[in-house]
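In UniProt numbering, the protein residues as written are 1 to 457.
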Ligand SMILES: Nc1ncnc2c1ncn2[C@@H]1O[C@H](COP(=O)(O)OP(=O)(O)OP(=O)(O)O)[C@@H](O)[C@H]1O
Ligand SMILES: [Mg+2]
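In structure tokens form, the structure reads like this:
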């Protein structure tokens, strides 16, 4: 760590002088001020990592000074200094998160050393926690969600409103890979709950009883294997968010228990007698059509209506093709960084294939295709040879497409043109003759005949 900077604020010359001497010996950079006003000016010029503040100062007192300092830099830590008679004030000040300790005058220099070291350690830890939290939040910043199409802009708009609101239950629906997870985490990490827990569970992955104890927790002795008390997700996520993924797969008996938690905001652990109150936001997601599940009796209607108050539907990628190219560019950026590559763009043929593909696996499939292409490509653009076979197979030029060829006045050798097209089809299909023959709208046999003719077998 660079030399820590400490600002000592005290109206007694002797204290400022002796602190400066002692703290400089410990290799800290020391600034001093004899009043709150001077401290604020010094702070503006050269903000320190830690402030040692006398509680009693002429003019603006210690606490007022600290409040002003916080307006300049909210995470500044302080140690209050006080004479024995005013210890109470210093102790009161410690209720503030930024006041980490206090020193009683006359100050013992050994104690000063320990208290300053501890405070700076807290400062470093808080800085680290903040940077880790920011890092965790980063993927869920709005710039990282691509929403070019009108449909996604609307989704985006709803998400922004939900974030600003106090909505406690949100349902996110959409096919697999459309971005439900991304939206759920964005709602949490962009909301005021962002520093509190985000607990997620996949309702399809666990048998019913296990899912119940994961959600509600259990008391010691609730069942044979319950050797210890275990807190469930609802309890652990207090003041945060619970993400219930694949809610459509939850069994009806558990659905009833979930509805009770949503309505009452309290629940009992399995085998427990006491109600546990929680403050949680619930985000449920599913790739199934919940309404249809209600009609077929697999999903409780009352829970569906409770969940469906604020619902976000993410359309499949094939219904919002304007997002495809911006997503490609976005993932190029991401994977270039991850793999230290510099693939700037895609070739026009690859672009045509990607823009026309049906994307049954939605954004996830597109992301995987780009990742693969970046790994395989050593040029600064990638082309169709870097795309997986199923995309090439799927790609058929529109039949009515007008072929943009003009016969030159001198005529041409039609065999040469045919040979060139056969070669291109083979290369596009990465040597797969069945795929290549389809690209030329030929049967496999007539394609093979041409291969023989042009000595390409
Ligand atoms: N609009 C978008 N912008 C950027 N990345 C996106 C977008 N939508 C989805 N992604 C990315 O695509 C991948 C798949 O998204 P996600 O996991 O959120 O899908 P899902 O709907 O939860 O799928 P499943 O139903 O299979 O759980 C993730 O890596 C996600 O970050
Ligand atoms: Mg998901």
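Yeah, the Cβ is synthetic: ideal placement off N, Cα and C, and Gly gets one too.
Here the structure is a predicted model, which means the values were calculated and not measured.
Residue from the options whose Cα sits closest to the Cα of residue i
i           : options            : result
residue 417 : 391, 384, 454, 395 : 454
residue 458 : 408, 212, 289      : Absent from the structure is residue 458, since the part of the chain shown begins at 1 and ends at 457.
residue 239 : 259, 195, 202, 256 : 195
residue 197 : 427, 289, 279      : 279
residue 75  : 430, 99, 83, 341   : 99
residue 175 : 285, 166, 112      : 285
residue 217 : 206, 394, 178, 234 : 234
residue 336 : 110, 378, 291      : 378
residue 166 : 374, 41, 281, 433  : 281
residue 357 : 318, 389, 331      : 318
residue 254 : 391, 82, 206       : 206
residue 16  : 441, 34, 93        : 34
residue 258 : 407, 215, 291, 287 : 215
residue 40  : 66, 19, 173, 251   : 66
residue 386 : 370, 339, 394      : 370
residue 38  : 68, 14, 20, 18     : 68
residue 291 : 374, 248, 314      : 248
residue 468 : 315, 349, 340, 327 : No statement about residue 468 is possible, as the shown extent of the chain runs from 1 to 457 and does not include it.
residue 112 : 265, 237, 20       : 20
residue 190 : 425, 156, 296      : 156
residue 494 : 351, 341, 252      : Residue 494 falls outside the range modelled here, since the chain spans only 1 to 457, and no answer is possible.
residue 505 : 147, 44, 153, 223  : The structure shown does not extend to residue 505, since the chain is modelled only from 1 through 457, so no value can be given for it.
residue 180 : 312, 299, 137, 427 : 312
residue 177 : 82, 14, 363, 408   : 363
residue 395 : 352, 79, 210       : 352
Own chain residues within Cβ distance below 7 angstroms of residue i, not counting five before or after
i           : result
residue 187 : 159, 162, 163, 170, 283
residue 200 : 243, 245
residue 400 : Bear in mind that the predicted position of residue 400 carries a pLDDT of just 44, short of 50, making it too unreliable to give a figure here.
residue 64  : 36
residue 447 : 433, 436, 437, 440
Proximity test, residue i beta-carbon vs ligand 1 heavy atom, cut-off 7 angstroms
i           : result
residue 244 : no
residue 137 : no
residue 386 : no
residue 327 : yes
residue 178 : yes
residue 15  : no
residue 330 : yes
residue 280 : no
residue 174 : yes
residue 364 : yes
residue 367 : yes
residue 144 : yes
residue 373 : no
residue 425 : no
residue 301 : no
Backbone CA spacing between residue i and residue j [nearest angstrom]
i           : j           : result
residue 423 : residue 376 : 22 angstroms
residue 368 : residue 145 : 17 angstroms
residue 86  : residue 62  : 12 angstroms
residue 383 : residue 429 : 12 angstroms
residue 55  : residue 105 : 11 angstroms
residue 123 : residue 344 : 41 angstroms
residue 77  : residue 241 : 30 angstroms
residue 309 : residue 372 : 40 angstroms
residue 449 : residue 320 : 42 angstroms
residue 220 : residue 269 : 10 angstroms
residue 42  : residue 9   : 10 angstroms
residue 120 : residue 359 : 53 angstroms
residue 355 : residue 184 : 27 angstroms
residue 141 : residue 287 : 24 angstroms
residue 18  : residue 12  : 10 angstroms
residue 274 : residue 25  : 57 angstroms
residue 315 : residue 250 : 23 angstroms
residue 92  : residue 101 : 11 angstroms
heavy atom of ligand 2 below 7 angstroms from residue i C-beta
i           : result
residue 2   : no
residue 249 : no
residue 288 : no
residue 204 : no
residue 119 : no
residue 285 : yes
residue 181 : yes
Own chain, CB closer than 8 angstroms to residue i, minus 5 neighbours either side, in chain order
i           : result
residue 6   : 23, 28, 29, 30, 31, 48, 49, 50, 51, 52, 116
residue 485 : This structure leaves residue 485 out entirely; the chain is present only between 1 and 457.
residue 445 : none
residue 306 : 169, 259, 262, 263
Contacting residues, own chain, Cβ-Cβ under 6 angstroms from residue i (five flanking each side not counted)
i           : result
residue 294 : 301, 304
residue 398 : Because residue 398 sits at a pLDDT of 45, beneath the cut-off of 50, its placement in the model cannot be relied upon, and the following sentence gives the value as read from the coordinates. None.
Within-8 angstroms CB hit, residue i to chain D
i           : result
residue 352 : The displayed structure is made up of one protein chain only, and chain D is not part of it.
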